[in-house]
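In our numbering, the protein residues as written are -5 to 206.
For every residue, glycine included, the Cβ atom is placed at its ideal position computed from N, Cα and C.
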């Protein structure tokens, strides 16, 4: 059955969150909400609305040389770099140059970067940008990659996050579990919906959902 989407009754500036309730499987967990961020990832106007809100939270405290865009957030990252570097903002990044990188995954599932991209990571303050954070495993993978290439993880930002921090670094997000009553994430082995015999509605990832 097609998931029934609805907008939660919480807005952050011009940003709204569209979700569906059910039984969904991600690569790392089973969740009872699917958060649809397709429009924020793909629509320039909505991506810019997300970037404006994130910039307000980041501009005074987080030094950014490079934004590593994961989960298909390249459009949001581009808007965010523009917002952070505007001279009209009285922020720590005003007038600075900010690089944009997107995740590059090897055949073994590891994040890798070519030699020509290394100068954008080595010795740089790198902001990890994601669409949503559930278990934190994708964030941890990004952190390991940044550190491997000699970069410093200066912050983590997302549209939605189930976590307040990952490896001691606070997560800056527009929405959290307080905005989704009853939100739950479980390992596949400990999923109560599976124990109840409830079938999985869809497999979800950064690209969207595939019904089963």
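Status (buried if at least 16 other CB within 10 Å, exposed otherwise) for residue i
i, result
"residue 64", "buried"
"residue 47", "buried"
"residue 35", "buried"
"residue 139", "buried"
"residue 102", "exposed"
"residue 14", "buried"
"residue 40", "buried"
"residue 97", "buried"
"residue 201", "exposed"
"residue 169", "buried"
"residue 84", "exposed"
"residue 206", "exposed"
Sequence-distant residues of its chain with Cβ nearer than 6 Å to residue i (five each side left out)
i, result
"residue 24", "180, 182 and 185"
"residue 198", "18, 20 and 28"
"residue 187", "17"
"residue 131", "22"
"residue 86", "57"
"residue 123", "61, 63, 67, 71 and 151"
"residue 54", "85"
"residue 6", "47 and 168"
Whole-angstrom distance between residue j and residue i, CA atom to CA atom
i, j, result
"residue 95", "residue 190", "42 Å"
"residue 44", "residue 8", "8 Å"
"residue 119", "residue 145", "6 Å"
"residue -3", "residue 18", "10 Å"
"residue 4", "residue 110", "42 Å"
"residue 172", "residue 125", "17 Å"
"residue 280", "residue 134", "No answer is possible for residue 280: it lies beyond the span of the chain, which begins at -5 and ends at 206."
"residue 193", "residue 57", "45 Å"
"residue 99", "residue 73", "23 Å"
"residue 174", "residue 33", "19 Å"
"residue -1", "residue 161", "33 Å"
"residue 12", "residue 121", "25 Å"
"residue 127", "residue 166", "11 Å"
"residue 50", "residue 148", "16 Å"
"residue 129", "residue 26", "14 Å"
"residue 157", "residue 79", "27 Å"
"residue 203", "residue 10", "19 Å"
"residue 176", "residue 42", "29 Å"
Interface flag, residue i vs chain B, CB-CB below 9 Å
i, result
"residue 42", "This model lacks chain B altogether; it includes just one protein chain."
Strand pairing of residue i, partner residues [DSSP]
i, result
"residue 151", "123 and 166"
"residue 199", "202"
"residue 215", "A question about residue 215 goes unanswered here, because the residues of the chain that appear run from -5 up to 206."
"residue 9", "6"
"residue -2", "Answer is none; residue -2 lacks a bridge partner."
"residue 36", "BP columns for residue 36 are empty, so no partner."
"residue 180", "24"
Cβ-based neighbour list, residue i, same chain, cut-off 8 Å, excluding 5 preceding and 5 following
i, result
"residue 81", "88 and 89"
Closer than 8 Å: residue i CB and nearest the ligand FAD heavy atom
i, result
"residue 190", "You won't find the ligand FAD in this model; it holds no ligand whatsoever."
Close-in-space but distant-in-sequence residues of the same chain around residue i (CB under 7 Å, 5 per side omitted)
i, result
"residue 143", "107, 112, 115 and 116"
"residue 75", "61, 92 and 94"
* Every unbroken beta strand (DSSP E) within the stretch 78 to 113, with a cutoff of 3 residues, ordered by chain -> 93 to 96
* To do: Just list the alpha helix (DSSP H) runs in the stretch 45 to 80, keeping only unbroken ones of 4 residues or longer that don't cross its boundaries, in chain order.
  => 68 to 79
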